[in-house]
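Trainee: I'd like to ask you about the structure that follows.
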Amino acid sequence: MIPDLTNTKSEIVLVLLNLYNKHAVGIMGVKDQDNSLKLYYIDPSNKSIPDRLKQIFIDNCLQIEQLPVEQQKYANCGPEVIENFMLYLTGERLSPEESITYHSKLVEQQLLNQANNPNEAADRYGSSLEELNSSYDNNDSEKVEQEEVPLGSVDIDIKAAPNIPYLTKHSVPTAQTTDFKRSCKDKNYDTDSNDTSICNKNVAIDKDDTIREQDAFAAYDQGNLLSSEAWEAESDGYNDRSAEAEQKFAKSLQLYKVAVELSPTNIAYKHALDITSLKIEGNSLFSEGVELANIAYEIQEEANELAIDQEVYQEVLSHYQQALKFYKAAQISFHEGWDLSKDARFKSCIEIVQNSIGLIQERIEEIQAEANYSH
Numbered sequence: 003m004i005p006d007l008t009n010t011k012s013e014i015v016l017v018l019l020n021l022y023n024k025h026a027v028g029i030m031g032v033k034d035q036d037n038s039l040k041l042y043y044i045d046p047s048n049k050s051i052p053d054r055l056k057q058i059f060i061d062n063c064l065q066i067e068q069l070p071v072e073q074q075k076y077a078n079c080g081p082e083v084i085e086n087f088m089l090y091l092t093g094e095r096l097s098p099e100e101s102i103t104y105h106s107k108l109v110e111q112q113l114l115n116q117a118n119n120p121n122e123a124a125d126r127y128g129s130s131l132e133e134l135n136s137s138y139d140n141n142d143s144e145k146v147e148q149e150e151v152p153l154g155s156v157d158i159d160i161k162a163a164p165n166i167p168y169l170t171k172h173s174v175p176t177a178q179t180t181d182f183k184r185s186c187k188d189k190n191y192d193t194d195s196n197d198t199s200i201c202n203k204n205v206a207i208d209k210d211d212t213i214r215e216q217d218a219f220a221a222y223d224q225g226n227l228l229s230s231e232a233w234e235a236e237s238d239g240y241n242d243r244s245a246e247a248e249q250k251f252a253k254s255l256q257l258y259k260v261a262v263e264l265s266p267t268n269i270a271y272k273h274a275l276d277i278t279s280l281k282i283e284g285n286s287l288f289s290e291g292v293e294l295a296n297i298a299y300e301i302q303e304e305a306n307e308l309a310i311d312q313e314v315y316q317e318v319l320s321h322y323q324q325a326l327k328f329y330k331a332a333q334i335s336f337h338e339g340w341d342l343s344k345d346a347r348f349k350s351c352i353e354i355v356q357n358s359i360g361l362i363q364e365r366i367e368e369i370q371a372e373a374n375y376s377h
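The structure is reproduced here in structure tokens:
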């Protein structure tokens, strides 16, 4: 499933799961204009993403989030919820009543098309969505009792719409009932392999891609750790750990670059890279400003002990003005970092720079006043 999700050219991709033989849930992948993938977990029972399922996505370097509960409250049956949200995300959302009618016909037609014996499928599931849901919600004979739920496949009996590209099973925990396994064998689907597609669509799973995604996530995760440590070192109020912070920010940036190179469509990796780049850029500009301001101050102090002339005034003034430019540039970088991340720590950086700008402006005014007075 993972390589198919990341490599699919479809704008919306849906994976339906028969979760623990109880009800249908969905994993929906939506690609934006930048070809970045966002994953949603849809559960008509409004329960949170199962830890086991969430961990598999984490292990495969993908982030998934719960679709807001308030957007599910109008319906109470699995496939209808999933189908309606697909319509919702494509801007063609139907009313609950229209969706139930529309989706029931899709499900019925899909089952009839797939079944070896259409009459048997109709007898088993009926033509209504309500009967379809009750067939797997209330059938105790299909429930797994006191057994570990195996890694399995998308339940082909609860697919939503035939025009949606479905994905292969791969590292997705879902219960496989006896009837489902038997159905797969009847249709020549291998339920034990990792490269079998459904709906007779063979989708190759590149193991190298999976390894690449795992390496990308490892780099991203380590980058997050170093970035956090860098921020902590920078804000140490007792010791000067600025060199340590600089080193760790630089290392985290390199790791984020590796993650983006390995997984260029992952928006989270690119986001982290951009934020860290802005932080490092802002720090560098601010440091340049501090260095110039210190030089100006030292020249000014030495000149005050002697008879200061116009040439010295101009030199000091030039250094302060250059420092001011670097401070303002640093402030812009930190503002961009704040806009991108909404991280309060960027706010603190902006305030520090603003205070420095104020001090430099005061010194420039003092130098100009002294120069005019002496002149």
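Everything in the sequence shown is counted per the numbering used here, starting at 3 for the first residue and increasing by one. We put the CB at the ideal spot given by N, CA and C, even for glycine. All values reported here derive from a predicted model rather than from experimental measurement.
Between the C-alpha atoms of Ser320 and Gly291, what's the straight-line distance to the nearest angstrom?
Mentor: In a straight line, the C-alpha of Ser320 is about 12 Å away from that of Gly291.
Trainee: Exposed or buried, what is Lys281 when buried is set at 16 or more other beta-carbons lying within 10 Å of its beta-carbon?
Mentor: buried
Trainee: Is there contact here, the stretch 322-335 with the stretch 253-268, by at least three beta-carbon pairs under 8 Å?
Mentor: no
Trainee: Can you tell me whether DSSP reads Ile366 as helix, strand or coil?
Mentor: helix
Trainee: Using the Cα positions of Ser229 and Asn285, report the straight-line distance between them to the nearest angstrom.
Mentor: Looking at the two C-alpha atoms, the distance is approximately 14 Å.
Trainee: Return the CA-CA distance between Glu338 and Ile44, expressed in angstroms with no decimal places.
Mentor: The straight-line gap separating the alpha-carbon atoms of Glu338 and Ile44 is approximately 34 Å.
Trainee: Could you compute how far the alpha carbon of Leu227 sits from the alpha carbon of Ser254?
Mentor: 8 Å
Trainee: In the DSSP assignment, find the unbroken beta strand (DSSP E) run with Ile66 in it and report its ends.
Mentor: 66-68
Trainee: According to the Cβ coordinates, are Phe251 and Val355 closer than 9 Å?
Mentor: no
Trainee: Could you pull out every unbroken alpha helix (DSSP H) segment of at least 4 residues lying fully inside the stretch 205-270, listed in chain order?
Mentor: Those alpha helix (DSSP H) runs which fall completely within the stretch 205-270 and span 4+ residues are 209-236, 244-264.
Trainee: When DSSP labels each residue in this structure, what does Lys40 get in the three-state scheme?
Mentor: Assigned with DSSP and collapsed to three states, Lys40 falls in strand.
Trainee: Quick check on Ile334: does DSSP put it in helix, strand or coil?
Mentor: helix
Trainee: Rounded to whole angstroms, what's the CA-CA distance from Leu275 to Ala218? Just pull it up for me.
Mentor: 13 Å
Trainee: At the level of alpha carbons, what is the spacing between Gly385 and Val314?
Mentor: The question about residue 385 has no answer here: the residues shown for the chain are numbered 3 through 377.
Trainee: Under a three-way DSSP split, which group does Ile51 fall into?
Mentor: coil
Trainee: Taking Lys259 as the reference, which of Val318, Ala220, Gln323, Arg243 has the closest Cα?
Mentor: Ala220
Trainee: Where Ala232 and Ala245 are concerned, what is the direct C-alpha to C-alpha distance, given to the nearest angstrom?
Mentor: Their Cα atoms are separated by approximately 10 Å.
Trainee: Consult DSSP for Asp345 and reduce its assignment to one of helix, strand or coil.
Mentor: coil
Trainee: Given a cut-off of 9 Å on the beta-carbon distance, is the pair Leu41 and Gln65 in contact?
Mentor: yes
Trainee: Roughly how many angstroms lie between the CA atoms of Ile51 and Ile29, to the nearest whole one?
Mentor: 10 Å
Trainee: Taking the alpha-carbon of Phe348 as reference, which of Glu304, Phe336, Glu67 has the nearest alpha-carbon?
Mentor: When each option's Cα is compared against that of Phe348, the closest is Phe336.
Trainee: Less than 9 Å separating the beta-carbons of Ala235 and Ala247?
Mentor: yes
Trainee: Near Ser358, which residues of its chain fall below 6 Å by C-beta distance, leaving aside the five closest residues on each side in sequence?
Mentor: Tyr329
Trainee: Tell me which same chain residues have a C-beta within less than 8 Å of the C-beta of Gln363, skipping the five on either side of it?
Mentor: Only Leu326 meet the Cβ criterion.
Trainee: Do Ser350 and Ser237 have their C-beta atoms within less than 9 Å of each other?
Mentor: Yes. Within cutoff.
Trainee: Which residues in the same chain as Arg243 place their Cβ atom closer than 6 Å to its Cβ, once the five residues preceding and following it in sequence are excluded?
Mentor: Annotation for Arg243: Ala235 place their beta carbon closer than 6 Å to its own, counting only its chain and skipping 5 residues before and after.
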